[in-house]
Every structure is written in structure tokens, then in C-alpha cells.
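Each residue of the sequence shown is one higher than the last, beginning at 144 in the working numbering.
Beneath this line is the structure, given in C-alpha cells, with notes to follow.
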Amino acid sequence: MAEPGLAEQLASLNNTLQSIEGRLVAGELPPERLQDFKTSIDEFRLRVWGLLSAGSADDAAAFLERFRLRRAREMCRAIAADLDRGTLATHHGEVAELGAAAEHLARRIEELERK
């Protein structure tokens, strides 16, 4: 099956956004889900910005890799700061999962740097 064209994908994104907005207005989405929605939109916006910026870079693949790494670094620092301030609840299972993923990533980076 052929991939949908850009116009179809943009129309799908707009339809999805309108649907979510309607559910928010109707009170069908709990307030705590608003942060998830915002985070998704922020991530989408940043990735689009990265793609647009990569279009003018000499090496688009390298630019996108660096963009992902910088974004991950920013997120890790922000989460650490939130934990330091006590503004991030630690009872969520994702906190322990993130810790395990961060430890695995740190070990893997150390292994690659030793080579």
C-alpha cells in the first residue's frame, strides 16, 4: 500500500487535533491528560523544527542525530532538576523505568567511548 501524501497526512493531523480539542471542550478528557497532550505537541513541534533545520544542513542525517541527542540531554537535565526541586512525583512507575533506561544508556556510552 502506498504511503499517504503530505497533504493527506497534514489533513489527518488537523482532524486529530480538532477531535482532541472537541473532547477537551466537552470535558471528556481529564485535566491530568492535558499535560500529556501538551508534551506530545511540544515534541512534535520540536521534531518539525529539527526537520526544517536539517533541510538546510549539509549533512541532514548528522544534524538530526545531534538534534535528538541535544533534546534528550535537555529532557534529562530538566527531569533531574524537577527531581531535585521535588516537583516531579516519584511514585509513577515510569520514574524507575527511566532510571533503568538512563543507567543502561550511560553504560552503553561508556562502552563505546572505551573503544
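For every residue, glycine included, the Cβ atom is placed at its ideal position computed from N, Cα and C.
Check: Short Cβ contact (8 Å threshold) for I222 with L231; Outcome: yes
Check: Endpoints, alpha helix (DSSP H) assigned at K259; Outcome: Summary: the structure shown does not reach residue 259, with the chain confined to residues 144 through 258, and so no result is reported for it.
Check: Reduced DSSP secondary structure (H/G/I, E/B, other) of G165; Outcome: helix
Check: Sub-8 Å separation of A197 and F206 beta-carbons; Outcome: yes
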